[in-house]
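**Student:** After the structure tokens below, expect a handful of questions from me.
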Amino acid sequence: MKKEDDGSESFHYSEAYSLGDFNAERMIEGLKSGELDVDIRLGVYASGARKGKPHDNGTAIRVSSKKLDECFDEKKKLL
946 MKKEDDGSES FHYSEAYSLG DFNAERMIEG LKSGELDVDI RLGVYASGAR KGKPHDNGTA
1006 IRVSSKKLDE CFDEKKKLL
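The opening residue of the sequence shown carries number 946 in this note's numbering; numbering runs sequentially from there.
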């Protein structure tokens, strides 16, 4: 990322891919093997009327960029 003089940001990408045809079975295999992680995201309000009370930010699956394409059947190089 590069910060421009006007305060905007610009990015330079050396490669990019389009991924398609999500493969749920491969994702489940990755979860079972430990290559993918389940992240239960809970938080606590820091201020306001609910300060100190917990809230649920939802469950996420963490995938490293090196493993992301393994969850898809189709990979097309764009750049």
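From the three backbone atoms N, C-alpha and C, an ideal C-beta is built for every residue, glycine too.
#1: Hey, quick one: how far does the beta strand (DSSP E) through Ser963 stretch, first residue to last?
#2: Given Tyr962, which residues of its chain have a CB within under 8 Å of its CB, disregarding the five upstream and five downstream residues?
#3: Taking all protein chains shown into account, do 16 or more other C-beta atoms lie within 10 angstroms of the C-beta of Leu987, making it buried, or fewer, making it exposed?
#4: Consult DSSP for Arg1030 and reduce its assignment to one of helix, strand or coil.
#5: Hey, could you find the ends of the beta strand (DSSP E) Gly988 is sitting in?
#6: Whole angstroms is fine: what's the gap from Lys947's alpha carbon to Ser1010's?
**Tutor:** In terms of the structure at hand:
#1: On the sequence shown, position 18 is the one that residue 963 refers to. 962 to 967 is the span of the beta strand (DSSP E), which, as asked, contains Ser963.
#2: Counting from 1 along the sequence shown, the entry for residue 962 is found at position 17. Same-chain partners within the cutoff: Asp1014, Lys1020, Lys1021, Lys1022, Leu1023.
#3: For this step, residue 987 is matched to residue 42 along the sequence shown. Classification for Leu987: exposed.
#4: Any answer about residue 1030 is impossible in this case: the structure gives the chain only from 946 up to 1024.
#5: Here residue 988 is taken as the residue at index 43 of the sequence shown, counted from 1. Run containing Gly988: 982 to 989, per the beta strand (DSSP E) assignment.
#6: Indexing the sequence shown from 1 puts residue 947 at position 2. Indexing the sequence shown from 1 puts residue 1010 at position 65. So the two alpha carbons sit approximately 22 Å from each other.
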